[in-house]
Each structure stands twice: as structure tokens, then as C-alpha cells.
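Asks: Here our numbering is used: position 60 in the first sequence is 64, and no number is missing along the way. Okay, handing you the structure first.
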Amino acid sequence: MTIERLKETVGRKTTLKGWILGKRTGKGLVFLVLRDGSGMCQCVVDENKVNTNLFEDAKRLTQESSVVITGEVIADERQIGGYELQVTDLEIVHLSQDFPITPKEHGVDFLMDHRHLWLRSKRQWAILRIRNTLIMAIHEFFQGEGFIQTDAPIFTGNAVEGTSTLFETDFYGEPAYLSQSGQLYGEALAMAFSKIYTFGPTFRAEKSKTRRHLSEFWMIEPEMAFHDLKMNMDTIERFLRFVVLKVLEKNTFELDMIGRDTTVLKQITEPFPRITYEDAVLILKGEKEVDGKNAVKTLEADLVAVQERMAAIQAEITDREAKLAAPGMKKGEIGFHQAKIQQLKEELSEQEEASRNIPMWLKSARDFRMGNDFGGSDETVLTRLFNTPIMVYNWPHEVKAFYMKRDENDTRWAKGVDVLAPEGYGEIVGGGERETNLELLIEKIHEHELPMEAFEWYLDLRRYGSVPHAGFGLGLERLVAWTCKLPHVRETIPFPRMYGRIAP
RNA sequence: UCCUCGGUAGCUCAGCUGGUUAGAGCACUUGACUGUUAAUCAGGGGGUCGUUGGUUCGAGCCCAACCCGGGGAGCCA
């Protein structure tokens, strides 16, 4: 039996197998919180109802010891998961000693070094279960719409876009690179199966140290024959709505556990604004308003709010420190104030960072020049005005990849689309309609100084039965990060690989 | 690669302008208490203050170089 299915055995004797998440002892009572991978459940050992050996065993249990535990299931609203086990039998499988991750706070470096154990904690458990829901929902959506799941190679002989830094490996004496995108192969597959999607690992060797970059991440890349930019955007919108609604439906417990406010997530049912690059730039520079909201003014108001919050935190810290200095305080109360002060100091340093960043973002937004690509801060400034993902399309062709289709009506633009998630998460999807004009493609390959011979096979796709087609790439970890509102993508993947981090 | 912040007990941190045996909380351990849910009480062990070199009568605190980490820029999902 698993904790997830305890409701099926209420009132009956049930055996669970798992690990001890925590223990509290009372007079004649031991409270064990058991986790079994499917959920958590409090198990109560009552000295009066079990033999002495069993009770002593229960008292010996330590954090993360593994056990097989039997008892009667009762429903109890107050307990985690809603049920409790009245223990009648207990077998210790392994007694754990000094589990490194205690119920207290730890720094990221320590936690990352213990990632193999950190995965057991509640928050990580909840996040990775949501990741699972998203993965399954992604398959469900595409399979439901008649897409074929297929795979692009991981070893490639050349860089797709020529700009990114790739991981170089040795392929039987030849240099080979780990795939940074399955996009071009996806196009070939779409010409064979009409609608396909790939779902696989992607590698980028950039030395990025930010909250939204990984060296190894998972990307979903659909590609659709006989689709144009508009149809592509329709698909993206249906797709994102579908997967987010699945999480809201299946992971209420997990979302609650990580403290995710789902108000914004629920707005996924509203239409996603579709904004041209030109309009987006005007909005960014504060020259155009959205529903009466001005990007620059909104950000300036944010800055004031941040500064006020900093002053408030500072005042509270001073106040609590004064209380600590006064004599006669009980030990527990001292600990409480100290913990609170530490919390406040952490928030203060976050706010300080925001107060340094916002003026820079404002400057970046004001100085933005039409024709450039958006930076991370520009995305934040822009999305600050919306509560749903937004789609920015028709980009200057110079900043987009060589395969992006040029707009026939206005050749300044390439028919690409970036989807920017709200709440500061920025780009989660990048895609567009692909160029079908053979001459223009060849011209672009030269322009990007890419090796023509490596793209001959790709050009064949335009020589034999070329059709309008479009597709996009979704970064799984960024989607998980936004869905869970996490401060960093490193928590969205079991074993993150990033600059400076290859172990565990 | 550049900018910025940091590296003090197992963990999270304090240590004011350099001054005698380096502190707290948690964790651990001993005992008391308790249908509990990180705020009960009392006692105990635990640190070559990232590395190397320098300034000084004296350095955790100052200087230099290097190593490691956080955040950001660039690049992008």
C-alpha cells in the first residue's frame, strides 16, 4: 500500500514501506512522519498499545531511517495528507545516522553538494512531481493532437545557429558537438510525419551564472508541416494552457506544499496578448500603454515599494535587536527573534539587490534601440504589465536565426515568436515559421558564416516537396520554474548541470 | 570573459574603526517536560576563521595574488 492510496483502507490494518521524515516524542507516545515517495503520513506509536520492544524501537528511529510499518488507518483532517496510522507493528530496515540535511535552513551550496539527499525533502519532492505532471501533460497534449514523438540526434557535426558555445566531444577522431537544438532535424521529421515533437536533452556551454540557465536541460520541440506563424501561436497557446491546467488539476497538494499562489496560474485560461516586436519596444520604452499601465511608471512605482519595504525591514530588525538586548527574555523567545532577524536580513539583501537592479533596468529600457534583441531585464519590464504569458512576434530578422522566415509584406521582420512568462520569468518558448525560399536561405547561411556543405541536407527539405511549416522550442525547466514560482531553475531538474557544477 | 557580493564550529550566521583564552542559535549528547507539528528547561563535547604571501609589537578584521561559491551582463530555453 502507498500513502497516496490510504483513503482506500481507512479503518483497516495497513502496511507502509518508507523513510522517517521526522520524529517527535511525547510521554508514552512517539509521532513518526513517514514518507514513501507517494506522500507523507503521521504514524503514532502508543506505549500502551504495543509491546515494549516496539516502543523502544520507535524511540530509536532517526531522520531518514527506513522502515516497514503497520497499523490501522484513521482519517484526521489536521494531519498531513489527511490520514494517520495507529501503529501495531514496526520493522526497522536500516537505522540512519546523522542525516546531513536537518529540518533547519541550509545554504544553496551545501544543499547542491547534497543534491542526492536533498531530493528527499518535501519541497524538492513536490517540485519534481509537478515536473512529472508537466512531462506527462506535454505528451498527452501532442499525442491528442496527432503529433508523433520522435528524436533528434544528440551528437551533431556542426552548430545549428552558429552563435552558441557548444560542448565539444571526440567522435571517432572527428570533432562533434552535443546538440544545442533538435530544430533542423525536427523539420526533416515533420516532412515525413507532418506533425512531430522531440523531447530530449539539450546542451549549451555558455558560462552563464544566472537563475535561468543550465548547461544541460530538456527541451520540447514540436514542428508542424502546413503551419504558418499564426497557427503556430495558436498551438503554443493551447499547449501552454493545457499543461498548466493539468498541474492545477493534479498537483493542488504539491502547489500548496511549496506555497505557490495559484492566482496568476489560473489566469492561463485568458487569451495571451500577441504583440509585435515594434509595439513591444514602444511599451518597453514607456511610449505606449497597456490597459492604462505604463511600463516605466510601473517599474518606478516598484522601486519606491522596494525602498519602503527596505526601510520597514530595517526598522523591524532594529526593534527586535533592541528587544533582545533587554534582559529577562526566555530562551525560546530569544531563538524566535534571532530566527526572525535572520529571515529579515535575507529578505533585506534580496530587496537591496532589487533596488540596485531596477534603476539599471529602467536605464536599459529607456535606452533600448529598435532593432536590438531583448535582454533579460527588458523581458521583466515588459511582462510586469501582464498576468498571462505574452507572445512577441515579428522580430528584426538580423537578431533571429538563419532559418526564420522573412515576412513577405515587410522584409524587415522575421516571423519568429517568443513567449514570455509573467512574474518575471521571461522567455519560456522560442519559435516561428521557417524560411522556405531556397535562395534566401542560402543567402542567410552565408551571412551567418555557416559551413554550406553541413546544411546541404537541410536545403534538400526545400528542394523536395517544400511546404510552409513552423514550430517552437519549450524549455522544460523554465516552465517548471514558472509553474512553481521558483527563484532558480536548478531546483527543477533532479541533478542540475551548470557552470561550476558537475556533481553529484 | 567582465561587474558585484561572499567564504568564521556538522548547519545558518554574528564578530564595531586590527588588541589579551573566537561567539550565538540549531544539530548532536545527558537528564527533566510534552497529542506532538522548526519558539519548553538545565548541563556537555565541537573551530589550524578559503589558500598562499605581505604590512604590523600584534590580523578573523588591513594589502596582494590565487581557489571556490551566490547574483548579474553577454548568450539563450
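Even glycine gets a Cβ: it sits at the ideal position worked out from N, Cα and C.
Please state if the CB of PRO226 and the CB of ILE200 are separated by a distance shorter than 8 Å.
Replies: What you label residue 200 is simply residue 196 of the first sequence in a count that begins at 1. What you label residue 226 is simply residue 222 of the first sequence in a count that begins at 1. Yes, these two residues count as a Cβ contact at 8 Å.
Asks: Tell me the DSSP secondary structure of LYS344 in three-state form.
Replies: Mapped onto the first sequence, residue 344 falls at position 340. Of the three classes helix, strand and coil, the one that applies to LYS344 here is helix, per DSSP.
Asks: Once the 5 residues before and after MET44 are set aside, which same chain residues still bring their CB inside 8 Å of it?
Replies: In the first sequence, residue 44 corresponds to position 40, counting from 1. So the qualifying residues of the chain are ILE7, LEU25, VAL37, LEU38, ILE84, GLY85 and LYS126.
Asks: By the three-class DSSP mapping on this structure, what secondary structure does GLN187 have?
Replies: By 1-based counting over the first sequence, the position of residue 187 is 183. Helix at GLN187.
Asks: Quick check on the DSSP output: the alpha helix (DSSP H) that includes SER70 runs from which residue to which?
Replies: Counting from one through the first sequence, the residue named residue 70 turns up at place 66. It is not in any alpha helix (DSSP H) - SER70 instead sits in the beta strand (DSSP E) that spans 70-79.
Asks: I need the straight-line Cα distance from ILE139 to GLN187, nearest angstrom please.
Replies: As a working note, residue 139 is residue 135 in the first sequence. As a working note, residue 187 is residue 183 in the first sequence. Each residue's Cα considered, the two are about 19 Å apart.
Asks: Pull up the distance between the alpha-carbon of ASP382 and that of ALA369, whole angstroms please.
Replies: As a first step, residue 382 must be located in the first sequence, where it is residue number 378. As a first step, residue 369 must be located in the first sequence, where it is residue number 365. Distance between the alpha carbons of ASP382 and ALA369: 6 Å.
Asks: Considering only residues of the same chain and omitting the five flanking positions on each side of MET314, which have a CB-CB separation below 8 Å?
Replies: As a first step, residue 314 is located in the first sequence; it is residue number 310 there, counting from the start. Contacts found: LEU352, GLN355, GLU356 and SER359.
Asks: For TYR87 and ALA141, what's the separation of their Cα atoms in angstroms?
Replies: Start at 1 with the first residue of the first sequence, and residue 87 comes out as number 83. Start at 1 with the first residue of the first sequence, and residue 141 comes out as number 137. If I take the Cα positions, the gap works out to 29 Å.
Asks: Quick one: Cα of GLN271 to Cα of GLY479, how far?
Replies: Locating residue 271 in the first sequence gives position 267, where the first residue counts as 1. Locating residue 479 in the first sequence gives position 475, where the first residue counts as 1. Cα to Cα, the separation comes out at about 21 Å.
Asks: Just to confirm, is the Cβ distance from ILE394 to VAL251 under 8 Å?
Replies: Numbered from its first residue, the first sequence carries residue 394 at position 390. Numbered from its first residue, the first sequence carries residue 251 at position 247. The answer is no: Cβ separation not under 8 Å.
Asks: Taking the alpha carbon of VAL433 as the point to measure from, which residue in MET223, PHE372 and ASP414 has its own alpha carbon closest?
Replies: Taking the first sequence and counting its residues from 1, one reaches residue 433 at position 429. Selected option, being the one with the closest Cα: MET223.
Asks: Can you tell me whether DSSP reads GLU85 as helix, strand or coil?
Replies: By 1-based counting over the first sequence, the position of residue 85 is 81. With the sequence shown as reference, residue 85 is identified as Gly, and Glu is not the correct amino acid for it. Helix at GLY85.
Asks: Pick out whichever of PRO205, GLY436, TYR503 and ALA284 has its Cα sitting closest to the Cα of ILE158.
Replies: For this step, residue 158 is matched to residue 154 along the first sequence. Of PRO205, GLY436, TYR503 and ALA284, the residue nearest in Cα terms is PRO205.
Asks: Of all the options GLU76, LEU269 and TYR468, which has the alpha carbon lying nearest to the alpha carbon of VAL49?
Replies: Residue numbering aside, residue 49 sits at position 45 when the first sequence is read from its first letter. Considering only alpha carbons, the answer is GLU76.
Asks: According to DSSP, which residues form a beta bridge with PHE221?
Replies: By 1-based counting over the first sequence, the position of residue 221 is 217. Its beta-bridge partners are THR206.
Asks: Does the segment 440-449 come into contact with the segment 459-470, if we say contact requires no fewer than three beta-carbon pairs (one atom in each stretch) closer than 8 Å?
Replies: Segments in contact, yes.
Asks: Classify HIS120 as buried or exposed, calling it buried when 16 or more other Cβ atoms lie within 10 Å of its own Cβ.
Replies: By 1-based counting over the first sequence, the position of residue 120 is 116. Result: exposed.
Asks: Please tell me whether ARG392 and GLU274 are closer than 8 Å, where the distance is taken between their beta carbons.
Replies: Along the first sequence, one-based indexing puts residue 392 at 388. Along the first sequence, one-based indexing puts residue 274 at 270. Checking the sequence, you will find Thr at residue 392 rather than Arg. Contact: yes.
Asks: If you draw a straight line from the alpha carbon of LEU259 to that of PHE276, how long is it in whole angstroms?
Replies: Position 255 of the first sequence, counting from 1, holds the residue named residue 259. Position 272 of the first sequence, counting from 1, holds the residue named residue 276. The alpha-carbon atoms of LEU259 and PHE276 are separated by roughly 23 Å.
Asks: Kindly indicate which three-state DSSP category LYS17 falls into: helix, strand or coil?
Replies: Position 13 of the first sequence, counting from 1, holds the residue named residue 17. If DSSP states are grouped into helix, strand and coil, LYS17 belongs with the strands.
Asks: Taking its Cβ as the centre, do 16 or more other Cβ atoms sit within 10 Å of GLU291, making it buried, or is it exposed?
Replies: Start at 1 with the first residue of the first sequence, and residue 291 comes out as number 287. With fewer than 16 Cβ atoms within 10 Å of its Cβ, GLU291 is classed as exposed.
Asks: Tell me, please, whether the segment 231-246 touches the segment 409-425 by the rule of three or more beta-carbon pairs shorter than 8 Å.
Replies: The segment 231-246, when compared against the segment 409-425, does touch it at the 8 Å Cβ threshold.
Asks: Under 8 Å between the Cβ atoms of THR154 and PHE207?
Replies: Taking the first sequence and counting its residues from 1, one reaches residue 154 at position 150. Taking the first sequence and counting its residues from 1, one reaches residue 207 at position 203. The answer is no: Cβ separation not under 8 Å.
Asks: Using three-state DSSP, classify MET235 as helix, strand or coil.
Replies: Counting from 1 along the first sequence, the entry for residue 235 is found at position 231. Residue state, collapsed to three classes: helix.
Asks: Measure from the alpha carbon of TRP399 to the alpha carbon of each residue in MET5, LYS63, ALA485 and GLY436, then state which is nearest.
Replies: Within the first sequence, numbered from 1, the residue matching residue 399 stands at position 395. Of MET5, LYS63, ALA485 and GLY436, the residue nearest in Cα terms is GLY436.
Asks: Only counting the same chain, and skipping five residues up and downstream in sequence, which positions put a Cβ closer than 8 Å to that of VAL248?
Replies: Translated into the one-based positions of the first sequence, residue 248 becomes position 244. The residues are LEU269, ILE272 and THR487.
Asks: Using CA coordinates, which residue listed in LEU170, ARG82, LYS27 and GLY41 is at the minimum distance from ALA62?
Replies: Here residue 62 is taken as the residue at index 58 of the first sequence, counted from 1. For ALA62, the nearest C-alpha among the options comes from LYS27.
Asks: What number of angstroms, rounded off, separates the C-alpha of ILE96 from the C-alpha of THR13?
Replies: By one-based count along the first sequence, residue 96 stands at place 92. By one-based count along the first sequence, residue 13 stands at place 9. C-alpha separation (whole angstroms): 23 Å.
Asks: Check whether the Cβ atoms of VAL421 and MET237 sit closer than 8 Å, and answer yes or no.
Replies: What you label residue 421 is simply residue 417 of the first sequence in a count that begins at 1. What you label residue 237 is simply residue 233 of the first sequence in a count that begins at 1. Going by C-beta atoms, VAL421 is nearer than 8 Å to MET237.
Asks: According to DSSP, what are the bridge partners of LYS297?
Replies: Numbered from its first residue, the first sequence carries residue 297 at position 293. LYS297 pairs with VAL294.
Asks: Enumerate in chain order the residues of its own chain whose CB-to-CB distance from LYS11 is below 6 Å, with the five nearest sequence positions on each side excluded.
Replies: Here residue 11 refers to the residue found at position 7 of the first sequence. Cβ within range, chain order: n/a, list empty.
Asks: Can you give me the C-alpha to C-alpha distance between ALA316 and LYS17, rounded to a whole angstrom?
Replies: For the purposes of this step, residue 316 is taken as the residue at position 312 of the first sequence. For the purposes of this step, residue 17 is taken as the residue at position 13 of the first sequence. Going by the C-alpha atoms only, they are around 54 Å apart.
Asks: With 16 as the cutoff for other CB atoms within 10 Å, does ARG9 come out buried or exposed?
Replies: Residue 9 sits at position 5 when you count from the first residue of the first sequence. With fewer than 16 Cβ atoms within 10 Å of its Cβ, ARG9 is classed as exposed.
Asks: In angstroms, rounded to a whole number, what distance separates the CA positions of THR92 and LEU99?
Replies: Within the first sequence, residue 92 is the residue found at index 88, counting from 1. Within the first sequence, residue 99 is the residue found at index 95, counting from 1. Going by the C-alpha atoms only, they are around 19 Å apart.
Asks: Given a cut-off of 8 Å on the beta-carbon distance, is the pair PHE390 and PRO426 in contact?
Replies: Taking the first residue of the first sequence as 1, we reach residue 390 at position 386. Taking the first residue of the first sequence as 1, we reach residue 426 at position 422. Closer than 8 Å, so yes.
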